[in-house]
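As structure tokens, the structure follows; a few thoughts come after it.
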Amino acid sequence: MAVNFVSSWSDGTTLPESYVFPPEKRPGKDVVPTSKNVPVIDLGKAEGETRKETIQKIIEASKEFGFFQVINHGVPRKVVDETREIFEEFFELPKEEISKFYSSDIGKKCIVFTSNIDFDKEDIHNWRDSVRPLCTPLQECIESWPEKPTRCRKVVGEYVREVGKLGSGLLELISEGLGLEPGYFANELSENHVMAVHHYPPCPDPSLTLGTRRHSDPGLITFVLQGDVPGLQVLKDGKWIGVEAIPHAFVVNIGYQLQIVSNGKLRSVEHRAVTNKDEDRFTVASFIEPIRECIVEPAKALVDAKNPQLYEDFYTPSLYEYGANASFGSDLHMDEEQQFLDAMAMDAPVSSDSGRKED
Ligand SMILES: O=C(O)CCC(=O)C(=O)O
Ligand SMILES: [Fe+2]
Numbered sequence: 001m002a003v004n005f006v007s008s009w010s011d012g013t014t015l016p017e018s019y020v021f022p023p024e025k026r027p028g029k030d031v032v033p034t035s036k037n038v039p040v041i042d043l044g045k046a047e048g049e050t051r052k053e054t055i056q057k058i059i060e061a062s063k064e065f066g067f068f069q070v071i072n073h074g075v076p077r078k079v080v081d082e083t084r085e086i087f088e089e090f091f092e093l094p095k096e097e098i099s100k101f102y103s104s105d106i107g108k109k110c111i112v113f114t115s116n117i118d119f120d121k122e123d124i125h126n127w128r129d130s131v132r133p134l135c136t137p138l139q140e141c142i143e144s145w146p147e148k149p150t151r152c153r154k155v156v157g158e159y160v161r162e163v164g165k166l167g168s169g170l171l172e173l174i175s176e177g178l179g180l181e182p183g184y185f186a187n188e189l190s191e192n193h194v195m196a197v198h199h200y201p202p203c204p205d206p207s208l209t210l211g212t213r214r215h216s217d218p219g220l221i222t223f224v225l226q227g228d229v230p231g232l233q234v235l236k237d238g239k240w241i242g243v244e245a246i247p248h249a250f251v252v253n254i255g256y257q258l259q260i261v262s263n264g265k266l267r268s269v270e271h272r273a274v275t276n277k278d279e280d281r282f283t284v285a286s287f288i289e290p291i292r293e294c295i296v297e298p299a300k301a302l303v304d305a306k307n308p309q310l311y312e313d314f315y316t317p318s319l320y321e322y323g324a325n326a327s328f329g330s331d332l333h334m335d336e337e338q339q340f341l342d343a344m345a346m347d348a349p350v351s352s353d354s355g356r357k358e359d
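Per UniProt numbering, the sequence shown runs over residues 1 to 359.
Put into structure tokens, the structure is as follows:
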């Protein structure tokens, strides 16, 4: 099947109309500061005397920005470098090879898409091509991942294991920081792991389009390898700030199910990725999230007379009713996402099919 991958038709000189965002959604020509404000946290200090202080930094950053970066995170450099190389090679394979994975079936263990999973239904497209391997259960998923490049399954399998360890460790620090019992997240709340790897080819006019449109992530927590080409921007007090590209660091952000579990203490913040004129940009996102059939609710320990429960408990399939593209690992459109959070807010009218469902 011939697929409209940006990387196959773009010669870097023309921006088709269907990639031009309406004026209010475009990045425009304003220079966005690549801010050092998004905290960089040294996870090497998460043990011993500096543990408390490190946890404090994580909680503060998650409240203020919904974002932070981690260094000394324990994922070996070799695994990070090889994973990036594998995906760069993947996107360079003949398009017939990549197209074998083209599908909008989000249940498939590995799909490739361009712009978004629902490309055909979109008015405006994102300037990107993506591959989305599911990772749970890992052994079963690996068998459906690409066999080319040859080391793909082995290397990416290792990457998923390492990022899984990092995720569990960080969630443990967060649960301690929130005052929850140890292991609060070490169950079905964090059992599902999905990746989305994006290729943003050079774009003739980055002021008019976006690589990834404005969204926030629906899962629990996300880890993004940005590499050395910046492009990720975060909304802070109504303004966009750029996230500095630190090779080998992970950008971490809070998904809105963690916002709900933390009863609004931690924030899931909107972000987007801009394109650039000169360089290919590759990012590797790992989404850690609740299993598909699970009750998600504000932690009881965080609700009391002074801190009323802010969100309804909900059954995860209800989240998927907020759009065909409510597939974790892809961007939910803002209106769907806002509808979901509004419906879950305690004082909002909850539509009959959006709340918790009985078995
Ligand atoms: O590619 C990026 O910089 C961000 C990607 C992202 O936000 C996502 O996949 O949810
Ligand atoms: Fe995202």
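Even for Gly, the Cβ is constructed at its ideal location relative to N, Cα and C.
One alpha carbon belongs to residue 297, the other to residue 215, and they sit about 22 angstroms apart. By the CB criterion at 7 angstroms, residue 209 and residue 285 fall outside the cutoff. According to the DSSP secondary-structure assignment, residue 102 is paired through a beta bridge with 112.
Annotation for residue 105 indicates a beta carbon at 6 angstroms or more from all heavy atoms of ligand 2. Less than 7 angstroms divides the Cβ of residue 276 from the Cβ of residue 206.
With 16 or more other Cβ atoms from the protein chains shown falling within 10 Å of its own Cβ, residue 128 counts as buried.
The straight-line gap separating the alpha-carbon atoms of residue 306 and residue 133 is approximately 43 angstroms. Secondary structure within the stretch 110 to 190: the alpha helix (DSSP H) runs of 4 or more consecutive residues, fully enclosed, are 138 to 142, 152 to 178 (chain order). Shortest Cα-Cα distance from residue 117 to any of 104, 3, 309 involves 104. One Cα belongs to residue 231, the other to residue 248, and the distance between them is close to 16 angstroms.
Residue 260 sits in a helix when the DSSP states are folded into three classes. A Cβ-Cβ contact shorter than 7 angstroms links residue 251 with residue 243. In this structure, residue 61 has its CB at a distance of at least 6 angstroms from all heavy atoms of ligand 1.
Cβ neighbours of residue 196 within its own chain (closer than 6 angstroms, five residues either side excluded): 130, 132, 285, 329. Taking 6 angstroms as the cut-off, one finds at least one heavy atom of ligand 1 near enough to the beta carbon of residue 198. For residue 54, the uninterrupted alpha helix (DSSP H) run begins and ends at 51 to 64, by DSSP.
In the same chain as residue 236, and ignoring 5 residues on each side of it, no C-beta atom comes closer than 6 angstroms to its own. In its chain, beyond the 5 residues on either side, 136, 289, 291 have a beta carbon closer than 6 angstroms to the beta carbon of residue 192.
Taking the C-beta atoms as reference points, residue 181 is found no nearer than 7 angstroms to residue 79. For secondary structure counted as the beta strand (DSSP E) over 3 or more consecutive residues, the stretch 211 to 250 holds these complete runs in sequence order: 212 to 215, 221 to 225, 232 to 236, 239 to 243. Check the Cα spacing between residue 87 and each of 294, 20, 282, 96: the tightest is with 282. Collapsing the DSSP output to three states places residue 79 in a helix. At a threshold of 6 angstroms, residue 232 counts as near ligand 1, since its beta carbon sits closer than that to one of the ligand's heavy atoms. Using a cutoff of 6 angstroms, the CB of residue 237 does not count as near ligand 1, since none of the ligand's heavy atoms is closer than that.
Looking at the DSSP output, residue 85 bridges to nothing. Assigned with DSSP and collapsed to three states, residue 313 falls in coil, not helix or strand. Of all C-beta pairs linking the stretch 134 to 154 to the stretch 6 to 15, fewer than three are shorter than 8 angstroms, placing the two stretches out of contact. Assigned with DSSP and collapsed to three states, residue 6 falls in helix.
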